[in-house]
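Here the structure is laid out as C-alpha cells; the discussion comes afterwards.
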Amino acid sequence: MDTVAILISKTVLYAVPLLLGALAGMFSERSGIINIALEGIMIVGSLFAGVFLSGAIINSALAENAPQLIVFITMIVSGLAGLIFSLLLAFAAIKLKANQVISGTALNIFAPAFSVLLIYALTYTGNSKIPFPDLINLNAEAFGIDSTNIADWVNTLLFKNLYLTTILSIVILIIAFTVLYKTKFGLRLRACGEHPQAADSVGINVIKMRYTGVAISGFLAGIGGFAFAMANGSVHQSDVLGYGFLALAVMIFGNWKPFRILFAALFFSFFKTIAVLASTISFLPTFGLIKVENLYKMLPYILTLVVLAFTSKKSRAPKAEGIPYDPGKR
Amino acid sequence: MLKDIKSPQVKKKRVISDKSLTFISALFAILAGLVMSFILLYILEATKAESNYALPVQVFNNFLTYAFKDTRSIIKVLYNAAPLILVGLSVGFAFKAGLFNIGATGQYTVAAFFSLVAVILWGFPWWAAILVAMITGGLWGFVPGYFKAKFNINEVITTIMLNWVALYFTKLLLYNLPELRTLPPGNRTDPIAYHNPTGLLPDLGLKELTGSSFINIGIIIAIVVAIIIYIVMNKTTFGFEIKACGHNKDASIYAGIKAKRTIVLTMIISGALAGIAGAVSFLAGTIQFTTDSVLLPMGFNGIPVALLAFSNPLGIVVSGVFIGYLYVGGQAFEGVYSSEVTNIILSVIIYFSAFALIVSQMIRRKLSNGNDDSGTGKGNIFKRIKEKTVSLFKKKEDVVENDEEEVTN
Numbered sequence: 001m002d003t004v005a006i007l008i009s010k011t012v013l014y015a016v017p018l019l020l021g022a023l024a025g026m027f028s029e030r031s032g033i034i035n036i037a038l039e040g041i042m043i044v045g046s047l048f049a050g051v052f053l054s055g056a057i058i059n060s061a062l063a064e065n066a067p068q069l070i071v072f073i074t075m076i077v078s079g080l081a082g083l084i085f086s087l088l089l090a091f092a093a094i095k096l097k098a099n100q101v102i103s104g105t106a107l108n109i110f111a112p113a114f115s116v117l118l119i120y121a122l123t124y125t126g127n128s129k130i131p132f133p134d135l136i137n138l139n140a141e142a143f144g145i146d147s148t149n150i151a152d153w154v155n156t157l158l159f160k161n162l163y164l165t166t167i168l169s170i171v172i173l174i175i176a177f178t179v180l181y182k183t184k185f186g187l188r189l190r191a192c193g194e195h196p197q198a199a200d201s202v203g204i205n206v207i208k209m210r211y212t213g214v215a216i217s218g219f220l221a222g223i224g225g226f227a228f229a230m231a232n233g234s235v236h237q238s239d240v241l242g243y244g245f246l247a248l249a250v251m252i253f254g255n256w257k258p259f260r261i262l263f264a265a266l267f268f269s270f271f272k273t274i275a276v277l278a279s280t281i282s283f284l285p286t287f288g289l290i291k292v293e294n295l296y297k298m299l300p301y302i303l304t305l306v307v308l309a310f311t312s313k314k315s316r317a318p319k320a321e322g323i324p325y326d327p328g329k330r
Numbered sequence: 001m002l003k004d005i006k007s008p009q010v011k012k013k014r015v016i017s018d019k020s021l022t023f024i025s026a027l028f029a030i031l032a033g034l035v036m037s038f039i040l041l042y043i044l045e046a047t048k049a050e051s052n053y054a055l056p057v058q059v060f061n062n063f064l065t066y067a068f069k070d071t072r073s074i075i076k077v078l079y080n081a082a083p084l085i086l087v088g089l090s091v092g093f094a095f096k097a098g099l100f101n102i103g104a105t106g107q108y109t110v111a112a113f114f115s116l117v118a119v120i121l122w123g124f125p126w127w128a129a130i131l132v133a134m135i136t137g138g139l140w141g142f143v144p145g146y147f148k149a150k151f152n153i154n155e156v157i158t159t160i161m162l163n164w165v166a167l168y169f170t171k172l173l174l175y176n177l178p179e180l181r182t183l184p185p186g187n188r189t190d191p192i193a194y195h196n197p198t199g200l201l202p203d204l205g206l207k208e209l210t211g212s213s214f215i216n217i218g219i220i221i222a223i224v225v226a227i228i229i230y231i232v233m234n235k236t237t238f239g240f241e242i243k244a245c246g247h248n249k250d251a252s253i254y255a256g257i258k259a260k261r262t263i264v265l266t267m268i269i270s271g272a273l274a275g276i277a278g279a280v281s282f283l284a285g286t287i288q289f290t291t292d293s294v295l296l297p298m299g300f301n302g303i304p305v306a307l308l309a310f311s312n313p314l315g316i317v318v319s320g321v322f323i324g325y326l327y328v329g330g331q332a333f334e335g336v337y338s339s340e341v342t343n344i345i346l347s348v349i350i351y352f353s354a355f356a357l358i359v360s361q362m363i364r365r366k367l368s369n370g371n372d373d374s375g376t377g378k379g380n381i382f383k384r385i386k387e388k389t390v391s392l393f394k395k396k397e398d399v400v401e402n403d404e405e406e407v408t409n
C-alpha cells in the first residue's frame, strides 16, 4: 500500500512541472512561435526562486507566520524571471525574424551557464546549487488535520509530496483552457498561430499577439522551473534534467490541447517515477543487470518516441509555427 | 515576385559580396559574444562587496591570450578543435538539408562508448574503432531520420529524446561490463594504453618531441573529413539533392528528388560524423568515459561551430579551431569566476548568429535596391544601422558581384 501511495503522490509531483512546461509551450506555439527554450526558461525560473527564497525574507516574521504566502510570491518571482528571459526569444524570433529553434538553443545554453556564474558570484564557492528551506511543503497541519489521526499511507498519498504549486497548477490549467477557448484573446492568439496573414487582415496585431504568447509561455515555464526544483529534492541545481524538452514532447503528445496535455503529463511522469523509484520497488524485474534503474530511466524517452510515432497521424501542430510573420506573404 | 523571375539575366550591383557578408555577420556575432560576456562579468564584479574593476579586464585579457602562452597551449587548441570540427560538420551537414541535429551529443556519446569497447574489449586498432564509432553514430542518427521521413515527427524532439536514451544506455552497459572499467570505484573506463596501445590515435612521434600528451592525428582526420564533406556537398548529385531538400522540400520532390531517402541518409551521415568526433575525443587517451549522468557538452558545441561557419565545411575547420581556442582560454576564468563564462560567450554567439545573416542581408538589400524593395524591417533600429553601414562600406563599393542569391533561394 505504501509503495502505491508513494508512486501516485510522486507521479503527481513530477507531473506538475511537465504540465506547466507543456502549457507554456502550448501558449507560445499556438501563437506561432516554437519555444524550444523551455528548458532554459525553467532553469532561470528555478534559479530566481532559489535566490529569492534564500534571501533575507526567510528569516523574517512573515516566513514564520505565512510560509505559503512566501511560496506564492516565489511562484510569481520565478514566473516573472521566466517571462523576462523569454522576451529574448520573442525579440529574436518576432522582431528580427531569426530562426526560432536556434535562438531558443542559445537561451538553453545560456541559462545553466548564467546560473552557475551567478551562484558563484553570490556565494564565492564552487557550488552550483541553492537548497530551498523546509517551510515550502504543505503538510496535513496546514489544512487543520492532525497527521497522527490518519493512516500512514493516506498521509503519504495526500500530504507527503504536496506543494502549493500542485494545487495552483490545476487552477492554471483551468484558466489556460478558459483563456484559450472561451475568450476573444484566445481566439485571436490561435488565429495568429494558424494563419497570421488572415488574422492581420481582420485587424489583429500579430506581432503583439505573438509577444503575448511567448510572454505567457515564459511566465508559466518559470513557475514550472520552480515546481521542478521542489519536486527534485527542493534544491535549485542549475539544471532541469531535460524536463523542458520532455514538456515539449508532452505538448505534442497532448496535441496542443490543455486537458490532453494533463493526461500526457501524468502518463510520462508515471514512467519517470518508476525510473526514480526503480531501486526501491522490489517487484520490478532486474534482468540480472547491475544498476538496472538506468534501464528504467530510458523508458520515458523511448515511450515518448513510440507514442509520438503512433499518434503522428492525428497530430495537428499549429500551421504557422516556426515561420516568422511576413506581412508581404499572402 | 516579378523581380525574382527576371533576376538571373539582370546584373545588379552588389555593395557587399555574399562571402564577405557572411564573414562580417560571423565576426559581428563573435564580437557581440565577447562584449556581452565582458559586460556581464563587469556587472557581477559591481555586485560584489569589494569590487575590483580591474579584475574583469585582467581576466579577460588572460582569457584571450591564454592559448598563445606556449606550444602546449597551442597543441591543446588543436586537440580541442578536432572533435569540435567533426561535431560542427555533423550539425552543419544536417543544417544543409534543413534538419536541426540537436542530438549530436547522443550520437557522440554512443559512438565514443562503442569505440572504447572496440579498443579495450575487442582489441581493435584505432582506425577500426573509428569505423565502429561511425556505424553506431550513424545508427543513432538513423532513428530520428526515419521518424522524420516516415512519421513526420520533428527531428528536434526525437534527437533530444535519443540524447537521454544514449546517456542511460551507455551508463547501463558500462555498469554491466566490468572488464571495461577501472578497478574500484570503477566509475570510469580503464586507460586505453594499458590494454591496447594500438587503439590510441597515432601521434607520429610528436608526443615525445613536444612533451604534450594532447598531440595526435585527430586534427588531420578532422580536416580530411571536412574536405570530403566539402566535395560531397558541392561536387556531387547527392550534395545537390541535400541542398535542394533544405531549400524547399516540396519543390525538390516535384523535381524528382527522393526527399525521404535524402533525409534519412543525411541523418545517418550526420550521426556518423558525430560518431567520428566521439572516437577522436576518447581514443586520444586523455579522457575517460565516466558514469556521470550529464549529457556530454561536446555534442552541443557543434551548434555554434556550424552556425559561425554558416555550415560551410571548410569554414567549419576555421570556426572549430576558433572555438577550441575559446575553450582553452576558458581556463583563465577558473578560480576567478567560473569556466562557464565560455558557455555564456558561446550562447551569445549562437543567439546573434541566429539573426545576424538575416539582418545583414536585409541591410544589403536596402543598400543595393534603394527603396524599391517591399521587404520588412521598418524599425528605427535598422534605419540607424543602415546609415552607419552605408558610411562604413562606401569605400568598398568597387566590389561588384553577380546576383546569385535569388536563383539559389
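Taken in sequence, the protein lines are chains A and B. Okay, so the first sequence: first residue is 1 according to this note's numbering, each after it adds one. Okay, so the second sequence: first residue is 1 according to this note's numbering, each after it adds one. Note that CB positions come from ideal geometry on N, CA and C, so glycine has one too.
Start and end of the alpha helix (DSSP H) containing residue i?
i	result
Trp-126/B	126-151
Pro-184/B	Where Pro-184/B is concerned, there is no enclosing alpha helix (DSSP H), given that its DSSP letter is neither H nor E.
Gly-106/B	104-120
Glu-208/B	206-210
If we define contact as Cβ-Cβ less than 8 Å, is residue i a contact residue for chain B?
i	result
Phe-270/A	no
Met-42/A	no
Tyr-211/A	no
Ala-309/A	yes
Phe-245/A	yes
Lys-184/A	no
Val-276/A	no
Ser-103/A	yes
Tyr-14/A	no
Tyr-181/A	no
Ala-151/A	no
Phe-114/A	yes
Let me know the secondary structure DSSP gives residue i once reduced to three states.
i	result
Asn-35/A	coil
Thr-291/B	coil
Pro-131/A	strand
Thr-22/B	helix
Thr-286/B	coil
Tyr-194/B	helix
Asn-65/A	helix
Val-179/A	helix
His-195/A	coil
Arg-316/A	coil
Tyr-163/A	strand
Val-59/B	helix
Val-4/A	helix
Asn-137/A	strand
Val-235/A	strand
Thr-189/B	strand
Only counting the same chain, and skipping five residues up and downstream in sequence, which positions put a Cβ closer than 8 Å to that of residue i?
i	result
Ile-228/B	none
Asp-373/B	Since pLDDT at Asp-373/B reaches only 43, below the 50 mark, its modelled position is unreliable, and the value read off the structure follows with that caveat. These residues qualify, in order along the chain: Arg-365 and Lys-366.
Ile-217/B	Leu-201, Pro-202, Asp-203 and Leu-204
Since residue i and residue j should fall inside the 8 Å C-beta cutoff, what is the C-beta to C-beta distance between them, to a whole number of angstroms?
i	j	result
Gly-299/B	Ala-104/B	4 Å
Ile-302/A	Val-165/B	6 Å
Ser-339/B	Gly-330/B	5 Å
Would you say residue i reaches chain A, if we count a Cβ-Cβ gap shorter than 8 Å as a contact?
i	result
Trp-164/B	yes
Ile-344/B	yes
Asn-371/B	Note that Asn-371/B has pLDDT 49, beneath the 50 cutoff, so the model's placement of it is unreliable and the number below is only indicative. Not one chain A Cβ lies under 8 Å of Asn-371/B.
Phe-114/B	no
Asn-152/B	yes
Asp-18/B	no
Phe-240/B	no
Glu-50/B	no
Ile-303/B	yes
Leu-180/B	no
Taking only beta-carbon positions, decide if residue i is within less than 8 Å of chain D.
i	result
Tyr-175/B	This model lacks chain D altogether; the protein chains it does include are A and B.
By Cβ distance, which residues of its chain are closer than 6 Å to residue i, with the 5 residues on each side in sequence left out?
i	result
Ile-175/A	none
Ile-5/B	Confidence at Ile-5/B is low in this model, with a pLDDT of 48, below 50, so the placement of that residue is unreliable and no value is reported for it.
Phe-63/B	Gly-329 and Ala-332
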